[in-house]
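In what follows, a structure is listed as structure tokens, so that the remarks can point back to it.
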Ligand code: NAD
């Protein structure tokens, strides 16, 4: 038996470039990216816009959103629009999805990505279970877990009607194992994101809607407030990454496009780490005091 069915070869009409363009084609697709004004969300929005999708960038930071959308539209021609949004507000997320469908008729791709980092990690400060701030805890879960739930729900309805769609959630390596450098709330939210994604992937498979999670390790973004990271913090992160450095957000674009496009057409319910190997070795820890 031939290793590949006929017609599944590269190098036919148009050559390798045309083959790749067709494999990863998202032209004329309509995408929503939450938290798209910065960091990983900006990288998701930019790869989709660069590849010809119409992208709605949603973010609660109005100033950043304006700048991001201006830059994403350059060079002129990219179909990128700004949508001020707080993902923890379920009605607002639903209203945005309704607006997108009213305007474009569909939603093909949704990145449920918006997230925050706050609170104190157990090993670095007063973050032990009896001391952490419950308001911080609830506030983070509202954005990092419930914001993802709201986004998946709102995107699912049009995708079911279309009988196609790809939803990608941003989890974290801190959602697949414990991470003493990360607050309780964040690890719990990300673990929840992963299991919610799996439930939704199984549920929505009947309608040919795929749902997957990207689990980034440490990337240089504005998470945690922005501004330059103190050198000792960066050195600590570097020490837990076999590749020896934090990720550049642009390095997530390939995985994002794979999951969003028909190149990923048989992928659903998966958790894809992109972490410089961080999960291979686990955190390097000082001994407990
Ligand atoms: P970032 O701060 O650079 O970007 C996050 C964006 O989300 C910001 O523009 C922010 O304004 C927006 N946002 C936050 N809360 C929002 C809300 N309630 N509604 C709408 N927008 C909101 O950080 P990032 O690192 O790009 O984070 C993106 C996602 O990646 C988050 O879910 C984060 O938890 C996850 N993540 C990041 C890393 C990392 O090392 N940077 C690692 C693992 C996972």
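In our numbering, the protein residues as written are 65 to 353. Each residue gets a CB set at the ideal place from its N, CA and C atoms; glycine is no exception.
Span of the alpha helix (DSSP H), counted from its first residue to its last, around residue i
| i | result |
| --- | --- |
| residue 259 | 248–268 |
| residue 81 | 79–87 |
| residue 164 | 154–168 |
| residue 205 | 198–205 |
| residue 302 | 295–303 |
| residue 192 | Note, residue 192: premise wrong, no alpha helix (DSSP H); not H, not E. |
| residue 216 | 211–226 |
| residue 151 | That residue, residue 151, is in no alpha helix (DSSP H); it is neither H nor E in DSSP. |
| residue 128 | 126–136 |
| residue 317 | 317–324 |
| residue 108 | 103–114 |
| residue 238 | First-last for residue 238: undefined, no H or E at that position. |
| residue 342 | 342–345 |
Per DSSP, cross-strand counterpart(s) of residue i
| i | result |
| --- | --- |
| residue 184 | Paired residues: none, contrary to the question. |
| residue 96 | 120, 174 |
| residue 335 | 277 |
| residue 329 | Note: residue 329 sits in no beta bridge, so no partner. |
| residue 233 | 176, 277 |
| residue 355 | The structure shown has nothing for residue 355, since the chain only spans 65 to 353. |
Delimiting residues of the beta strand (DSSP E) encompassing residue i
| i | result |
| --- | --- |
| residue 173 | 173–176 |
| residue 274 | 273–280 |
| residue 148 | 144–148 |
Rounded distance between the beta-carbons of residue j and residue i, thought under 8 Å
| i | j | result |
| --- | --- | --- |
| residue 239 | residue 255 | 5 Å |
| residue 344 | residue 313 | Between residue 313 and residue 344 the Cβ distance is about 22 Å, and since that is not below 8 Å, they are no contact. |
| residue 121 | residue 94 | With a Cβ gap of about 13 Å, residue 121 and residue 94 do not count as contacting. |
| residue 119 | residue 144 | 5 Å |
| residue 113 | residue 142 | 4 Å |
| residue 104 | residue 234 | 6 Å |
| residue 117 | residue 91 | 7 Å |
| residue 323 | residue 338 | Wrong, their Cβ atoms sit about 11 Å apart, outside the cutoff. |
| residue 280 | residue 316 | 7 Å |
| residue 257 | residue 321 | About 21 Å separates the two Cβ atoms, so there is no contact after all. |
| residue 186 | residue 192 | 6 Å |
| residue 179 | residue 200 | In fact, because the Cβ distance is near 14 Å, the residues do not count as touching under 8 Å. |
| residue 157 | residue 215 | 6 Å |
| residue 271 | residue 224 | 4 Å |
| residue 115 | residue 88 | 7 Å |
**Request:** Flag this pair as touching only if the stretch 212–229 and the stretch 170–186 have three or more C-beta atom pairs under 8 Å; answer yes or no.
**Result:** Yes, the stretch 212–229 is in contact with the stretch 170–186.
**Item:** Inter-stretch contact (C-beta, 8 Å, three-pair minimum) for the stretch 297–315 and the stretch 152–162
**Value:** The count of Cβ pairs closer than 8 Å, one atom from the stretch 297–315 and one from the stretch 152–162, stays below three, leaving the stretches out of contact.
**Request:** Count the C-beta pairs between the stretch 271–291 and the stretch 326–341 that are closer than 8 Å, then say yes if the count reaches three, no if not.
**Result:** The way I'd put it, the stretch 271–291 does touch the stretch 326–341; three or more beta-carbon pairs between them come closer than 8 Å.
**Prompt:** Is there contact between the stretch 284–294 and the stretch 242–254, where contact requires at least three CB pairs shorter than 8 Å?
**Reply:** They do not touch, by the three-pair rule.
**Message:** Taking contact to mean 3 or more Cβ pairs, one atom from each stretch, closer than 8 Å, check whether the stretch 246–261 and the stretch 201–208 are in contact.
**Reply:** They touch, by the three-pair rule.
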